[in-house]
Amino acid sequence: MADIILEMKDIVKEYPGVKALNHVNFKVERGEIHALVGENGAGKSTLMNVLAGTIPFGQYTGDVVYNGSVCRFHNIKESEKLGIAVVHQELALIPELTIAENMFMGNERRKKSGVIDWDKTFQEAQDAMKRVGLKESSHTLIKDIGTGKQQLVEIAKALSKDCKLLVLDEPTSSLNEEDSRMLLDMILGFKKQGISSIIITHKLNEVAYCADNITVLRDGQTIETIPNPDHNIDEDRIIKGMVGRELTDRYPAREHKISKDVIFACKDWTVYHPVYTEKCMDDHISFEVHRGEVVGFSGLQGAGRTELAMSLFGRSYGSHISGQEFINGKEVHLKNEADAIAHGLAYATEDRKTNGLILSETIARNTTLARMDKIASKRGIVNVPEENKQAEIYVKAMHTKTPSIQQNVGNLSGGNQQKVLLAKWMFAEPDVLILDEPTRGIDVGAKYEIYQIINDMVSQGKAVIMISSELPELLGMCDRIYVMNEGKMAGEFSADEVTQEKIMSAILKDKK
Amino acid sequence: MKVSAFLKKYTMVFALVIVFIFFTALTGGRLIYSQNISNLLLQNAYVLIMACGMLLCILTGGNVDLSVGSTLCLSAAAAAKMLDLGAAPGLAILVSMVIAAVIGLWQGWLIGYIHIPPFICTLAGMFLFRGIARVILDSKTIAIMNPGFLNLFTSYIQIPGVDSNKKCISALIVGIIISIALTIFMITNRAKKAKEGYQVATLRATIIRVIVFDVLIIAYSSRLMGYKGIPVMVLWILAVVVIFAFITSQTVFGRYFYAVGGNEKATKLSGIDPRKVYFWAYFLMSILAGLSGLLVGARIGSVDGNMGNSYEMDAIASCFIGGASAYGGSGTVPGVMVGAILLGVINMGMSILGLPDQYQYIVKGAVLLAAVIFDVVSNHKTGKS
């Protein structure tokens, strides 16, 4: 019989009006890597919150059996004490403090007198960082290291608590392929040291790569547990379980009707960092986009793609911007974001929560924000019923799941928030839509719908620029792909010649 | 709408009704004497008016304007000085409002375009403008005696022949006309929207709304009838409140305040310039503080260097009691008015009862805290965080 470290039996958790978990059963063997997959809202995070004690005992029913005994955690401290550590999707680090301070937050190393033992703190932090291969000083401030390294700090923090069961909630969602791979290899290393891991992710290639078993949740229920002993499971096999149907094609087909007209172009576009003005973020970038075309931008994190897009969108990023920008063949000098929108540009940000949506406002108000002139009189008086009508149209067209358009956007799941963000920019009726990581952190079904929306856009003779860190997505969707690296253009490929290998080698060659 | 949602939406209205009944009973009905009802709004004119501007500041992200009490004093001092020197009322008012506008430009520019934190900028303003006011007053009290000026703010509308000081029928007539007009407007507006194919509230809900408003207006005007008639100051208050309620709820310009408070970065990327939004919030706030200075000066009949002390806090408290979020992005003018009147009723009730000042402070603090705790806790329960 297998050695079971964790068994969650018959877990039920209800929120008002919805059963988040409906008799879920979940088993993790000692020393395995267990992937937990499912669409957004399937109940993955809720299940982990039950495990960690974030949802205290009493607010759910069912048993959590850990190391053979039933546990009733009332808070995170109790579960941590038994060696369960959860690394959340949204990093809980304090930017202005050092790595060491963050690592022992709430768990400070003290002298007998009660004051903090700084020598011990920094030394132990350094040791923990060594375990995750993080080559930094423990005195470094969190804000001075990248997201990838911050993720490592979180994991080191978990390990420093003598963790036996490590839970990682979407650890790679903000990492590029290279960093993701390093992180997964590290988790495989922990396995050798006898640490069991549960990993929640939307990236199925990662699941196939590292998981020993895969449990699929759907609508708060356990659908199945698929063994993956040889680490070569077919991704479509997992998708079938997640969506309950076979997605015959993950990328919807479209008729390619690319016109010769160049709808958008830039020439020798150069952008410097807004604060460190000597740092060049984009160096003489030139590219063009035709009507009816989906153009992809590939590259590692920090390649300068977001900076390029934002600076082109009415100089919303950067300083000392130079170069030429053309819309419909005419050179334009966009002063600000409003000017860019008026010229038919739209930029849907990669960070929908901080830069894209007003979470405390309704779907209706978010949808119309960028073009309120469309629902207001010349004197600026808002026609609220008309606004609601428009919002309703977009909710229907995009299949946004919500009880009402008066729902606050903050209450929606990630995929539905993304749809509202897209609706907002569709409502602006742009000719060129720039999408920055349009499918980050959302599930397979919602992704497919977003791809369809992109196809609809270009079939109307508009153009879409798509920045994405997921290579398969770019290959599946784009007519042409530009590859950027460290602020420079590193290559350009048409859809019929491009492969993942070619893109990666363009980046790596450029690195030399 | 479910009962619980309904109660939550109108909590402060119910609180106001309960407090009102409570003090009416406790004072043996003295609270609803015509004179007291008439004075309720007049005493609190500065709170009602400045709370409208303060709401805009708070909407942009929980920012407040600490300088308004001093701006009010400066505006009143300038007017009093001008009148004292023999200027015409129109000129005195113009000078005061220009001073308020300059203050508004100054603070709006510093906060919007130079990114000085509002708290610090207006704290400095609080000292600065009070100092300037005292310089103008030369540390003395200046009486305002110009009848033209006083009439413009403190007189009552009485129609000779119809009205006497004891019974002003005209007040009731105006009240009835307003409620009839309001009824017609609300019903036809609903019908028009329905005809255009938009979703509208049910007929029953609309009728209940209309009836509640009509009853309030007629009750209020019948009280005014019993004491000198319609005060001009009420018209000033109404004008400001109606304009600001309209701006915040019906215009694109008003939406910008909510958008910036909800998420400034997203607002900027939507083509809206947050700097302008901050500028307008503080500019309009100063204008309203200037106007309040004229009203308060006229009502008291004199201006001294301490006038308007801690008035900013009354305006801020009204906003938070009235449901504005301390983090910005939510709050309405009607809500804030309910908050201001609630404070006013409590103050007046306690004054009638003869409770000393110190207890009034304690009650005010407790009410503010209770309102905010309620707001935070009830929103937390519904998952708004």
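If you read the sequences in order, they're chains A and B.
Last residue of the first sequence: number 512 in our numbering, and the count goes up by one each step with no gaps.
Last residue of the second sequence: number 1385 in our numbering, and the count goes up by one each step with no gaps.
Think of the CB as a built atom: it goes at the ideal place given N, C-alpha and C, for glycine as much as any other residue.
Three-state secondary structure (DSSP) of residue i
{"i": "A:S311", "result": "helix"}
{"i": "A:R131", "result": "helix"}
{"i": "A:Q193", "result": "coil"}
{"i": "A:V115", "result": "coil"}
{"i": "A:V519", "result": "With chain A covering 1 to 512 only, the question about residue 519 of chain A has no answer from this structure."}
{"i": "B:D1304", "result": "coil"}
{"i": "B:S1222", "result": "helix"}
{"i": "A:K512", "result": "Low confidence applies here, because A:K512 scores a pLDDT of 47, under 50, leaving its location unreliable and the question unanswered by this model."}
{"i": "B:M1012", "result": "helix"}
{"i": "B:Y1198", "result": "coil"}
{"i": "A:L412", "result": "coil"}
{"i": "A:T354", "result": "helix"}
{"i": "A:Q324", "result": "strand"}
{"i": "A:F264", "result": "strand"}
{"i": "A:K335", "result": "coil"}
{"i": "A:V444", "result": "helix"}
{"i": "B:F1388", "result": "Chain B is shown from 1001 up to 1385; residue 1388 of chain B falls before or after that span and cannot be answered."}
{"i": "B:L1203", "result": "helix"}
{"i": "B:K1381", "result": "Low local confidence applies: a pLDDT of 43 at B:K1381 is under 50, so the model's placement there is unreliable, with the coordinate-based value given in what follows. Of the three classes helix, strand and coil, the one that applies to B:K1381 here is helix, per DSSP."}
{"i": "A:L97", "result": "coil"}
{"i": "A:V12", "result": "strand"}
{"i": "A:V498", "result": "coil"}
{"i": "A:S319", "result": "strand"}
Span of the beta strand (DSSP E) around residue i
{"i": "A:V70", "result": "S69 to C71"}
{"i": "A:A85", "result": "I84 to V87"}
{"i": "A:F287", "result": "C280 to H290"}
{"i": "A:F493", "result": "K488 to S494"}
{"i": "A:P227", "result": "Q221 to P227"}
{"i": "A:C163", "result": "Premise fails: A:C163 is in no beta strand (DSSP E) and is neither H nor E."}
{"i": "A:V295", "result": "V294 to S298"}
Nearest-angstrom Cβ-Cβ length linking residue i and residue j, presumed shorter than 8 Å
{"i": "A:L553", "j": "A:K27", "result": "Outside the shown range of chain A (1 to 512) lies residue 553 of chain A, about which nothing can therefore be said."}
{"i": "A:M129", "j": "A:A156", "result": "5 Å"}
{"i": "B:P1089", "j": "B:G1148", "result": "4 Å"}
{"i": "A:T172", "j": "A:T201", "result": "6 Å"}
{"i": "A:D212", "j": "A:P229", "result": "7 Å"}
{"i": "A:I442", "j": "A:G461", "result": "Not a contact, Cβ separation roughly 27 Å."}
{"i": "B:L1329", "j": "B:Y1258", "result": "Checking the sequence, you will find Gly at residue 1329 of chain B rather than Leu. 6 Å between Cβ atoms; contact."}
{"i": "B:T1122", "j": "B:A1281", "result": "In fact, because the Cβ distance is near 11 Å, the residues do not count as touching under 8 Å."}
Where the alpha helix (DSSP H) through residue i begins and ends
{"i": "B:Q1107", "result": "P1089 to G1112"}
{"i": "B:R1275", "result": "P1274 to I1300"}
{"i": "A:A92", "result": "A:A92 -> no alpha helix (DSSP H), and no H or E assigned at all."}
{"i": "B:N1165", "result": "First-last for B:N1165: undefined, no H or E at that position."}
Same chain, Cβ closer than 7 Å to residue i, five either side skipped, listed in chain order
{"i": "B:A1078", "result": "V1095, S1096, I1099 and I1136"}
{"i": "B:D1163", "result": "I1169, S1170 and G1229"}
{"i": "B:I1316", "result": "M1054 and V1064"}
Cβ shell of residue i (< 6 Å), same chain only, five flanking positions each side left out
{"i": "A:Q500", "result": "L471"}
{"i": "A:L359", "result": "V409 and G410"}
{"i": "A:Q89", "result": "D169 and E170"}
{"i": "B:I1103", "result": "T1071 and S1286"}
{"i": "A:L204", "result": "E235 and I238"}
{"i": "B:A1045", "result": "M1233, I1237 and L1295"}
Close Cβ partners of residue i (< 8 Å) along its chain, the five nearest in sequence each way excluded
{"i": "A:I76", "result": "A52, G53, T54 and V86"}
Tell me whether the stretch 1285 to 1293 of chain B and the stretch 1067 to 1074 of chain B touch, counting them as touching only if at least three CB pairs, one residue from each stretch, are closer than 8 Å.
yes
On the three-pair Cβ rule with 8 Å, is the stretch 230 to 240 of chain A touching the stretch 54 to 65 of chain A?
no
Are three or more beta carbon pairs between the stretch 308 to 320 of chain A and the stretch 471 to 479 of chain A nearer than 8 Å?
no
Stretch-stretch touch, CB-based, cutoff 8 Å, three pairs: the stretch 1213 to 1227 of chain B with the stretch 1020 to 1037 of chain B
yes
Taking three-plus beta-carbon pairs below 8 Å as touching, is the stretch 368 to 382 of chain A in contact with the stretch 447 to 465 of chain A?
no
How do the stretch 1267 to 1280 of chain B and the stretch 1081 to 1088 of chain B stand: do at least 3 beta-carbon pairs fall below 8 Å, yes or no?
no
Take every Cβ of the stretch 142 to 149 of chain A, pair it with every Cβ of the stretch 69 to 86 of chain A, and state whether three or more of those distances are shorter than 8 Å.
no
With three or more beta-carbon pairs closer than 8 Å as the criterion, would you say the stretch 1338 to 1351 of chain B touches the stretch 1360 to 1377 of chain B?
yes
Report yes or no: do the stretch 181 to 196 of chain A and the stretch 100 to 115 of chain A share at least 3 C-beta pairs separated by less than 8 Å?
no
Decide yes or no for the touch test of the stretch 1263 to 1270 of chain B against the stretch 1202 to 1216 of chain B: beta carbon pairs closer than 8 Å, at least 3 of them.
no
Taking 8 Å as the threshold, find out whether the stretch 486 to 501 of chain A comes into contact with the stretch 1308 to 1325 of chain B through three or more Cβ pairs.
no
Should the stretch 387 to 403 of chain A be called in touch with the stretch 326 to 337 of chain A, which here means at least 3 C-beta pairs below 8 Å?
no
Does the pairing of the stretch 344 to 354 of chain A with the stretch 373 to 387 of chain A give three or more beta-carbon distances under 8 Å?
no
Does the stretch 379 to 388 of chain A touch the stretch 1192 to 1207 of chain B, meaning 3 or more C-beta pairs lie closer than 8 Å?
yes
Taking contact to mean 3 or more Cβ pairs, one atom from each stretch, closer than 8 Å, check whether the stretch 1006 to 1022 of chain B and the stretch 1325 to 1341 of chain B are in contact.
yes
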